[in-house]
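A.B. asks: Numbering (the numbering used here), first residue to last: 1 to 231.
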């Protein structure tokens with residue numbers, strides 16, 4: 001190799017690494033900011049007794065998917081501008097509203113606040129663990145993506161089936177699988193940013209937000225089912 005090219009290689013590598021760190025920092029900052037509208041949405045939803053699924057669960061599910069994918073489209077379309085950030089924050093507010101029914105049910109337990117704290121703490125531990133692992137892991141895990149996506153499809157189908165079946169055992173199974181799959185997705189998405197596979201912090205934040213949201217929701221569902229105390 002021409003020795004004169006080495007300084008250029010070092011400079012390129014340094015610039016590439018700095019760009020990845022910038023994307024990661026911006027992603028973490030926007031992820032933290034996105035928690036504010038999520039909490040506001042959840043609080044408002046609990047106060048209003050909001051439920052998209054109350055009248056007809058299947059119609060509610062279809063409406064949720066339509067709204068969610070509408071947000072996904074808009075966020076990706078405008079991800080390079082401030083509009084994308086605003087749409088992302090609007091989406092997290094909407095997801096807070098969707099979470100309010102579960103939070104309201106858990107708050108109906110005498111130990112509801114404690115259960116929510118446990119779910120929050122568990123989610124934080126998963127996030128810190130996956131972030132640490134992603135930053136130290138040298139192995140290429142890009143092939144995990146297709147398997148994780150298939151796992152999400154299975155979860156989605158099982159969840160839709162349980163709208164009619166209403167089986168507690170199936171609900172617990174889906175929730176437990178969700179914790180595992182979305183924890184792995186969290187590792188996958190963080191590793192993509194660190195490896196330079198994702199260069200837009202808005203898209204990166206959306207992916208990691210969904211991972212964190214689903215881990216928290218699933219943990220809270222499990223804790224509410226097995227640890228809820230009505231006394």
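Quick reminder that beta carbons are idealized off the backbone N, C-alpha and C, glycines included.
Indicate the three-state DSSP secondary structure (helix, strand or coil) for residue 22 in the structure shown.
C.D. replies: Note: residue 22 maps to helix in three-state DSSP.
A.B. asks: With distances taken from CA atoms, which of 88, 39 and 186 is nearest residue 128?
C.D. replies: Of 88, 39 and 186, the residue nearest in Cα terms is 186.
A.B. asks: Secondary structure at residue 101, three-state DSSP: helix, strand or coil?
C.D. replies: The answer is helix: DSSP assigns residue 101 an H, G or I state.
A.B. asks: What first and last residue would you give for the alpha helix (DSSP H) that runs through residue 171?
C.D. replies: Residues 168-194.
A.B. asks: Identify which residue in 92, 188 and 112 has its Cα closest to the Cα of residue 134.
C.D. replies: It is 188.
A.B. asks: Which residues in the same chain have their Cβ closer than 7 Å to the Cβ of residue 64, if we skip the five residues on either side of it in sequence?
C.D. replies: So the list reads 52 and 98, once near-sequence residues are dropped.
A.B. asks: Going by other Cβ atoms of all chains shown within 10 Å of its Cβ, with 16 needed for buried, is residue 94 buried or exposed?
C.D. replies: The residue is buried, with at least 16 neighbouring Cβ atoms inside 10 Å.
A.B. asks: Look up residue 10 in the DSSP assignment and say whether it is helix, strand or coil.
C.D. replies: With a pLDDT of only 45 at residue 10, under 50, the local geometry of the prediction cannot be trusted, and no value is derived from it.
A.B. asks: Would you tell me roughly how many angstroms separate the C-alpha atoms of residue 26 and residue 156, rounded to the nearest one?
C.D. replies: Roughly 30 Å separates the two Cα atoms.
A.B. asks: Could you tell me whether the stretch 175-185 touches the stretch 80-95, where touching means 3 or more Cβ pairs closer than 8 Å?
C.D. replies: Touching, no, given that fewer than three Cβ pairs across the two stretches are closer than 8 Å.
A.B. asks: Specify, as a first and last residue, the run of the alpha helix (DSSP H) that residue 141 falls within.
C.D. replies: Taken as a continuous stretch (DSSP letters only), residue 141 belongs to no alpha helix (DSSP H), as it is neither H nor E.
A.B. asks: With a threshold of 6 Å on Cβ separation, who are the neighbours of residue 151 within its own chain once the five nearest residues in sequence on each side are excluded?
C.D. replies: The answer, listed in chain order, is 181.
A.B. asks: First and last residue of the alpha helix (DSSP H) that includes residue 199?
C.D. replies: From DSSP, residue 199 is part of no alpha helix (DSSP H); its letter is neither H nor E.
A.B. asks: Looking only at C-alpha atoms, which of 41, 210, 214 and 75 sits nearest to residue 179?
C.D. replies: Residue 214 is the option with its Cα nearest to residue 179.
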